[in-house]
Each structure stands twice: as C-alpha cells, then as structure tokens.
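This report refers to the structure that appears directly beneath it.
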Amino acid sequence: MKYVKVIIILFFSFFQCYSFSSIKSHKQDKVIHIGMTMFLKELDPVKAWSHQHYLLFACVYDTLVRLEENGSLKGRLAERWTVSKDLTTYTFYINKQALFHNGDTVTTEDVAWSLSRHLWFNSESNTLSYLQNVLKNSENIKYGEIIPSIEVVDSHTIKFHLKAPYPPFVGILSSDLFVIYQKKNFDPKKPMGSGPFSAYYDTKDEKWIMKKNKNYFLEKIISNEIHFYNLKNTKDGYDDFNNEKLDVLLGFPPEHKLAVSFNDNFNMEKISSARFAHLFFNHNKKIFHNKMFREELAYIVQQPFADENFHSHIFKYNPHFFPKGIMPKNYYNRKPIPYVSHEEFKKKWKYPKKFVILINKESLAPHMMRSFEKAFATVGIRVEWRIVYNSMIEELAKKEFDLVLATYSSNFPDPESYLDPLRQESKFSFGNIPSQNLFQKLETIRYTPNQKERLHKIGKIFQEFEEEYYFIPLFHMHYPYILYKNDIHVPEANYYYESEMWKLHWKEEAKN
Numbered sequence: 001m002k003y004v005k006v007i008i009i010l011f012f013s014f015f016q017c018y019s020f021s022s023i024k025s026h027k028q029d030k031v032i033h034i035g036m037t038m039f040l041k042e043l044d045p046v047k048a049w050s051h052q053h054y055l056l057f058a059c060v061y062d063t064l065v066r067l068e069e070n071g072s073l074k075g076r077l078a079e080r081w082t083v084s085k086d087l088t089t090y091t092f093y094i095n096k097q098a099l100f101h102n103g104d105t106v107t108t109e110d111v112a113w114s115l116s117r118h119l120w121f122n123s124e125s126n127t128l129s130y131l132q133n134v135l136k137n138s139e140n141i142k143y144g145e146i147i148p149s150i151e152v153v154d155s156h157t158i159k160f161h162l163k164a165p166y167p168p169f170v171g172i173l174s175s176d177l178f179v180i181y182q183k184k185n186f187d188p189k190k191p192m193g194s195g196p197f198s199a200y201y202d203t204k205d206e207k208w209i210m211k212k213n214k215n216y217f218l219e220k221i222i223s224n225e226i227h228f229y230n231l232k233n234t235k236d237g238y239d240d241f242n243n244e245k246l247d248v249l250l251g252f253p254p255e256h257k258l259a260v261s262f263n264d265n266f267n268m269e270k271i272s273s274a275r276f277a278h279l280f281f282n283h284n285k286k287i288f289h290n291k292m293f294r295e296e297l298a299y300i301v302q303q304p305f306a307d308e309n310f311h312s313h314i315f316k317y318n319p320h321f322f323p324k325g326i327m328p329k330n331y332y333n334r335k336p337i338p339y340v341s342h343e344e345f346k347k348k349w350k351y352p353k354k355f356v357i358l359i360n361k362e363s364l365a366p367h368m369m370r371s372f373e374k375a376f377a378t379v380g381i382r383v384e385w386r387i388v389y390n391s392m393i394e395e396l397a398k399k400e401f402d403l404v405l406a407t408y409s410s411n412f413p414d415p416e417s418y419l420d421p422l423r424q425e426s427k428f429s430f431g432n433i434p435s436q437n438l439f440q441k442l443e444t445i446r447y448t449p450n451q452k453e454r455l456h457k458i459g460k461i462f463q464e465f466e467e468e469y470y471f472i473p474l475f476h477m478h479y480p481y482i483l484y485k486n487d488i489h490v491p492e493a494n495y496y497y498e499s500e501m502w503k504l505h506w507k508e509e510a511k512n
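Taken in order, the sequence shown gives residues 1 to 512; the numbers are from our numbering.
Here's what the structure looks like:
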C-alpha cells in the first residue's frame with residue numbers, strides 16, 4: 001500500500017494485560033466491559049474535550065434536563081421548569097427524589113456550584129462561552145463564587161437570569177458537560193454524582209468500574225456493572241474484542257473496522273451524530289491570505305467528492321459548515337461548485353509543492369486519505385500527513401501545519417454549539433480563522449426571541465461567511481461507531497447529541 005510520507009506524532013505506551021474474564025461470566029454477572037480510546041482518569045466536566053468523555057459523565061452524573069431522541073427536552077434532575085413572560089428568567093424545580101450516590105439530597109446549591117465552576121477565573125472549560133454569552137453578570141467570576149445571575153431561591157428552586165431572550169438556553173443545560181455533582185464531596189478521582197451508576201477508578205487495570213445505583217429513581221437500570229478500559233493500541237483493542245475480553249469498542253477509526261477480521265459474534269452500530277469533518281486552512285501561512293487562491297483550491301479538493309455525490313457508511317458529502325438537520329433547509333441550498341482548470345491553476349498561482357495536513361488518528365481511513373492525496377496531486381501538491389495519536393488541542397497550539405482536517409460535534413442542538421473551532425481564542429481553533437467580523441454579526445442577532453427567525457438570520461450570516469473560504473467544507477460525519485457483541489442490546493442508537501452507554505445490557509438481562 002503506497003503512501004506519501006507520513007509524519008507520526010506518537011505518544012508511546014504499553015498496553016496493559018487486564019484481568020479480563022470471559023463473556024459467559026460477563027453475562028452471568030450482568031457486567032459489560034467497554035474499551036475506549038479517549039480516556040479520562042478524573043471525571044471533571046470542566047476538563048473534558050472528547051465525546052467519549054461525555055459517555056463517562058452520563059453514567060455517573062445527571063443534568064437538569066435531557067434531550068430526547070425525538071429532539072424534545074425532558075426533565076431529569078429538574079422535574080419541571082417555567083419561563084417568565086419576558087423570556088429572560090428560567091425557574092427550575094429540582095425533583096426531591098434526586099439523591100447523590102451517598103444518599104444525600106441533590107440541592108440547588110449543588111446545581112449553582114457545578115455550573116459556576118465553568119466560569120471561574122482561569123477555568124479550563126471548553127464550553128464556558130455557552131453560559132457566559134447568555135447569563136447576566138457572568139464575567140470575572142472568582143474561584144469558588146456562584147454566578148450572580150444564578151439565584152438559589154430555596155433548596156429545590158433555582159432561577160437563571162439571562163441577558164436577553166435566548167431560545168436554546170434549556171438545550172444548553174441538556175449537555176453532558178453541564179452535569180451536576182455534589183459540592184461538599186467534589187473529587188474527580190472519586191466522583192459523587194446522582195446518575196445511574198457510581199464509579200471508582202481502578203489504578204491497577206487503568207479502568208473505571210461503574211456500579212449500579214440501586215436508588216436511581218428516573219429509569220430502570222439493567223446491568224449491574226460497566227467497566228471502562230483505557231485502550232492505547234488499536235490492534236490490541238481489536239484482539240481483546242475478538243478474544244472475548246471486551247464486549248464493546250469505542251473510538252477506533254470507523255472506516256478501518258470493515259477491513260479488520262473479526263469472529264462472527266459482533267455488530268456495528270453508528271450514532272447519527274450531527275458532526276462535521278472539514279479541511280481548515282492555517283491562516284498564519286501567507287499563502288492562505290489570498291481569498292481567490294483559497295476558493296479555487298477548495299473547488300479542486302471538493303470536486304471529486306461532489307462528482308461522486310460521495311456517501312459512505314460514515315461520511316456524506318456536505319459542502320456547508322453546519323451538518324444537515326441543524327439549520328433550516330434553505331441554508332443548504334447552494335449553487336453547484338464551478339470547475340477549475342488544473343493547468344490554469346498551476347499557471348496562475350505560486351504555492352508550495354507540499355502541504356502538511358494535521359489529522360486525528362480516528363478521522364479517516366487510508367482509502368479516503370488517498371482520495372485527498374489525488375485531489376491535491378492534480379495541481380502538483382504532495383500531501384504530508386501529520387497524524388495525531390492523542391490530544392489534537394496540543395498540536396493545534398503548535399501551528400506546525402498548513403491545513404487541518406478536523407471533526408467536531410455539537411454539545412447541544414443549536415448552531416452556536418459549533419462555533420468554538422472558529423473562535424481565535426478557543427483551544428479548538430482550527431487554523432486561526434479571522435472571524436472577528438463573523439462574531440460581531442452573530443452578536444447582533446443572538447437574542448432574537450423567535451427561534452425560526454433567529455436560525456434564518458444565522459443562516460444568512462454563515463452563507464456570506466462561507467463564501468470567504470477560510471476552510472473547505474466537506475462532510476457530515478456519522479460518528480462515533482459502537483462495535484459490540486451480538487448478545488448485547490444497544491437501545492435506540494440514533495443519538496443525535498449524546499450517547500448513553502449506561503443503557504447497554506446483555507439481552508437476557510431484560511427478561512430477569
């Protein structure tokens with residue numbers, strides 16, 4: 001198999017020999033063993049950055065509200081909520097049956113403290129802007145303080161005072177980043193939540209052991225335990241799945257799975273997540289300061305995928321910033337991309353004959369990487385892939401690349417949940433895009449009270465922004481994939497904004 005030169009950034013580690021047991025004993029004990037590639041040894045929502053981290057949070061913690069599979073919002077810790085006539089004050093009423101794993105009652109003080117942590121000075125939260133942009137007096141919050149616009153009325157009643165009407169506010173609170181934990185017992189190494197499972201970290205086997213919360217009042221829990229393992233090697237992960245040491249795999253390169261030889265006792269389930277995969281120019285490079293060059297190169301890269309109306313079990317061609325379903329249909333109505341003569345392009349522009357493209361190990365399979373190589377090769381550009389095996393955030397900060405092929409999924413069902421990669425100050429900034437003008441325009445319409453009108457205005461702003469070709473829009477991506485044993489029940493796998501691993505169970509268990 002031929003490749004262009006690949007620079008690999010690899011964080012070497014040895015895969016541990018875990019004390020696994022057989023699938024037969026897994027079933028008998030009602031235990032599920034899950035291997036994952038983006039692991040956390042501390043369950044602190046403020047420090048999370050991967051979708052897989054949210055899966056862990058959903059097992060241990062709960063949110064005030066939950067986004068249902070049909071897109072509606074349902075109370076979790078909050079049994080109900082009301083909105084003031086001017087649409088700027090939201091009052092939530094905490095269910096008095098909600099208990100932490102130690103038996104203590106969940107109070108509004110815990111709620112206020114958990115959410116305020118994201119906005120404390122020097123917070124590491126990647127999502128602080130979601131609350132800071134909306135809540136009154138939410139800037140310069142000192143360590144340990146409660147945001148002034150979060151009003152604790154009594155132990156089970158809490159109010160949020162917004163700067164102005166903001167339709168997606170309740171949706172924000174459904175994100176597993178904004179889970180609630182106990183203030184007096186906060187320890188990310190020994191998390192104290194109110195979710196369906198309690199948890200402790202096994203340092204020997206590098207895994208989280210989740211145990212069924214017998215006092216959970218919201219839904220029936222079927223599995224007794226779920227064990228999450230830190231997998232550092234793709235091959236060993238597949239081997240342990242084949243050898244029945246693992247029951248579920250998360251986070252491995254999805255396109256690779258079809259090429260791996262497994263026994264017959266497995267299924268693959270994709271999550272219809274609203275995730276994009278686009279190619280972003282590094283705007284620290286002078287060559288990308290020319291709009292016409294960016295635009296013509298974008299057409300050349302998009303052309304093969306547009307001609308084939310590219311669609312696979314993971315990727316679907318989508319030449320728009322937002323994935324399908326996030327915006328109104330008219331946002332996705334665009335003219336076909338024009339043809340650009342490769343020979344004329346080469347005569348017209350002076351540019352490097354090699355581009356370094358930063359890419360996460362989970363993003364593309366070899367055959368798709370070759371498709372990109374062929375597209376760039378039509379204008380004499382050789383692709384040098386820089387593959388990231390751990391944190392993309394660290395590599396983005398170095399800015400040692402020409403383009404980055406990046407994926408991103410929403411944290412709540414609204415276009416504003418996709419904006420962090422466009423913010424220059426964000427850890428997830430893909431390419432240092434000059435986006436100041438974009439955010440100034442968005443600020444003028446952020447508080448439009450009518451959601452339909454608000455989305456229409458956002459769509460118009462982005463249609464103009466995308467014509468600047470600061471990036472090459474490419475795919476709507478269905479990811480992550482769940483690889484699991486046939487005997488495991490995966491409920492409602494079409495999770496648009498979240499995944500609930502705690503609902504997995506052996507099929508026989510539901511009958512007992």
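Glycine is no exception: its CB is placed at the ideal position from the N, C-alpha and C atoms.
Only a predicted model underlies this, so the values are computations on that prediction, with no experimental measurement involved.
What runs of the alpha helix (DSSP H), each 4 residues or longer, lie entirely inside the region 344 to 421? 366 to 377 and 392 to 398
Would residue 94 and residue 155 be called neighbours here (beta carbons separated by less than 9 Å)? As a position in the sequence shown, residue 94 is number 94, starting the count at 1. As a position in the sequence shown, residue 155 is number 155, starting the count at 1. Cβ distance < 9 Å, so residue 94 and residue 155 count as in contact.
Is the region 24 to 31 touching the region 219 to 234, taking contact as three or more C-beta pairs under 8 Å? yes
Looking at the structure shown, is residue 473 part of a helix, part of a strand, or coil, going by DSSP? Locating residue 473 in the sequence shown gives position 473, counting from the first residue. It is a strand residue.
Spatial neighbours of residue 301 within its chain, please: CB distance less than 6 Å, with the 5 preceding and 5 following residues excluded, ordered by chain position. Start at 1 with the first residue of the sequence shown, and residue 301 comes out as number 301. 375 and 472.
Just confirm the distance between the C-beta atoms of residue 340 and residue 296, as a whole number of angstroms; I'd bet it's less than 8 Å. For the purposes of this step, residue 340 is taken as residue 340 along the sequence shown, with counting starting at 1. For the purposes of this step, residue 296 is taken as residue 296 along the sequence shown, with counting starting at 1. Yes, they are in contact, since the Cβ atoms of residue 340 and residue 296 sit about 5 Å apart, within 8 Å.
If you measure between the beta carbons of residue 403 and residue 281, is that distance less than 9 Å? In the sequence shown, the residue the question calls residue 403 occupies position 403. In the sequence shown, the residue the question calls residue 281 occupies position 281. Closer than 9 Å, so yes.
Residue 75: first and last residue of the uninterrupted beta strand (DSSP E) it sits in: Locating residue 75 in the sequence shown gives position 75, counting from the first residue. Element bounds for residue 75: 73 to 75.
Quick one: what's got a C-beta closer than 7 Å to residue 197's C-beta in the same chain, skipping five residues either side? Here residue 197 refers to the residue found at position 197 when the sequence shown is read from its first residue. Answer for residue 197: 59, 60, 210, 211, 212, 213, 226 and 502, listed in chain order.
Can the beta-carbon of residue 423 be found closer than 9 Å to that of residue 410? Within the sequence shown, numbered from 1, the residue matching residue 423 stands at position 423. Within the sequence shown, numbered from 1, the residue matching residue 410 stands at position 410. No, these two residues do not count as a Cβ contact at 9 Å.
Does the region 179 to 195 come close enough to the region 99 to 106 that 3 or more CB-CB pairs lie under 8 Å? yes
How close, in whole Å, do the beta carbons of residue 164 and residue 88 come, if the pair is a contact with beta carbons under 8 Å? Walking along the sequence shown from the start, residue 164 turns up at place 164. Walking along the sequence shown from the start, residue 88 turns up at place 88. Contact flag correct, Cβ pair sits at about 6 Å.
With distances taken from CA atoms, which of 122, 43 and 363 is nearest residue 144? Here residue 144 is taken as the residue at index 144 of the sequence shown, counted from 1. Measuring from the Cα of residue 144, the nearest candidate turns out to be 122.
Quick one: is residue 53 buried, meaning 16 or more other Cβ sit within 10 Å of its Cβ, or exposed? Counting from one through the sequence shown, the residue named residue 53 turns up at place 53. When all chains shown are included, residue 53 counts as buried.
Per DSSP, the bridge partner or partners of residue 78: For the purposes of this step, residue 78 is taken as residue 78 along the sequence shown, with counting starting at 1. Partner(s): 94.
Can you find the residues in the same chain that come closer than 7 Å, C-beta to C-beta, to residue 332, ignoring five residues on each side of it along the sequence? Taking the sequence shown and counting its residues from 1, one reaches residue 332 at position 332. 320 and 324, listed in sequence order.
Inter-residue Cα distance where the pair is residue 487 and residue 25: Here the question's residue 487 lines up with position 487 in the sequence shown. Here the question's residue 25 lines up with position 25 in the sequence shown. Cα to Cα, residue 487 sits roughly 13 Å from residue 25.
Suppose contacts are defined by Cβ-Cβ distances below 9 Å. Is residue 110 in contact with residue 180 by that definition? Here residue 110 refers to the residue found at position 110 when the sequence shown is read from its first residue. Here residue 180 refers to the residue found at position 180 when the sequence shown is read from its first residue. Yes, they are a contact pair.
Outcome for residue 347 when other beta-carbon atoms lying within 10 angstroms are tallied against a minimum of 16: Here residue 347 is taken as the residue at index 347 of the sequence shown, counted from 1. With fewer than 16 other Cβ atoms within 10 Å, it is exposed.
Give, in chain order, every unbroken run of the beta strand (DSSP E) that is at least 3 residues long and sits entirely within the region 269 to 342. 275 to 281 and 315 to 317
Inspect the beta-carbon positions of residue 230 and residue 206 and report whether they are closer than 9 Å. The count along the sequence shown starts at 1 and reaches residue 230 at position 230. The count along the sequence shown starts at 1 and reaches residue 206 at position 206. Yes, Cβ-Cβ distance for residue 230 and residue 206 is below 9 Å.
Determine the burial state of residue 484: buried for a count of at least 16 other Cβ atoms within 10 Å of its Cβ, exposed for fewer. Position 484 of the sequence shown, counted from the start, is the residue given in the question as residue 484. Buried: at least 16 other Cβ atoms inside 10 Å.
Below 8 Å CB to CB, which residues in the same chain sit around residue 328 once its five sequence neighbours on both sides are set aside? Position 328 of the sequence shown, counted from the start, is the residue given in the question as residue 328. 452, 455, 456 and 459.
Label residue 258 either buried or exposed according to how many other C-beta atoms from any shown protein chain fall within 10 Å of its C-beta, with 16 as the threshold for buried. Position 258 of the sequence shown holds residue 258. Low per-residue confidence applies at residue 258: pLDDT is 49, beneath 50, and the placement is therefore not dependable, though the value from the model is reported in the following sentence. Residue 258 is exposed by the Cβ-count criterion.
Using only alpha-carbon positions, find the residue among 166, 215 and 183 that is nearest to residue 98. Residue numbering aside, residue 98 sits at position 98 when the sequence shown is read from its first letter. Considering only alpha carbons, the answer is 215.
Classification of residue 361 by the beta-carbon crowding that lies within 10 angstroms, buried from 16 upward: For the purposes of this step, residue 361 is identified with residue 361 of the sequence shown, where counting begins at 1. The residue is buried, with at least 16 neighbouring Cβ atoms inside 10 Å.
For residue 82, which residues of its own chain have a beta-carbon under 7 Å away from its beta-carbon, when the five flanking residues on both sides are left out? In the sequence shown, residue 82 corresponds to position 82, counting from 1. So the list reads 91, once near-sequence residues are dropped.
Of the listed residues 133, 108, 134 and 138, nearest to residue 120 (C-alpha basis): Stepping through the sequence shown from its first residue, residue 120 is reached at position 120. Ranking the options by Cα distance to residue 120, first place goes to 138.
Cβ-heavy atom distance between residue 66 and the ligand PLP below 8 Å? Although the ligand PLP was asked about, the structure shown includes no ligands whatsoever.
Am I right that residue 76 and residue 67 are in contact with their C-beta atoms under 8 Å? What's the rounded C-beta distance? Along the sequence shown, one-based indexing puts residue 76 at 76. Along the sequence shown, one-based indexing puts residue 67 at 67. Not a contact, Cβ separation roughly 10 Å.
Just to confirm the assignment: which complete beta strand (DSSP E) runs, minimum length 3, are found wholly within the region 141 to 192? 150 to 154 and 157 to 161
On the three-state DSSP scale, how would you describe residue 247? One-based indexing of the sequence shown puts residue 247 at position 247. Coil, per DSSP.
Let me know if residue 407 comes out buried or exposed under the rule of 16 or more other beta-carbons within 10 Å of its beta-carbon. The sequence position of residue 407 within the sequence shown is 407, counting from 1. Its Cβ being crowded by 16 or more others within 10 Å, residue 407 is buried.
Go ahead and pull the three-state DSSP assignment for residue 423. What you label residue 423 is simply residue 423 of the sequence shown in a count that begins at 1. Residue 423: coil per DSSP, three-state reduction.
Check whether the Cβ atoms of residue 49 and residue 126 sit closer than 9 Å, and answer yes or no. Numbered from its first residue, the sequence shown carries residue 49 at position 49. Numbered from its first residue, the sequence shown carries residue 126 at position 126. Cβ atoms of residue 49 and residue 126: closer than 9 Å.
Return the chain-ordered list of same chain residues with a C-beta closer than 6 Å to the C-beta of residue 15, the five sequence neighbours on each side being excluded. Taking the sequence shown and counting its residues from 1, the one referred to as residue 15 is at position 15. For residue 15, the predicted structure reports a pLDDT of 37, less than 50, and the residue's modelled location is therefore unreliable. A value from the coordinates is still provided. Result list for residue 15: 232, 233 and 236, in chain order.
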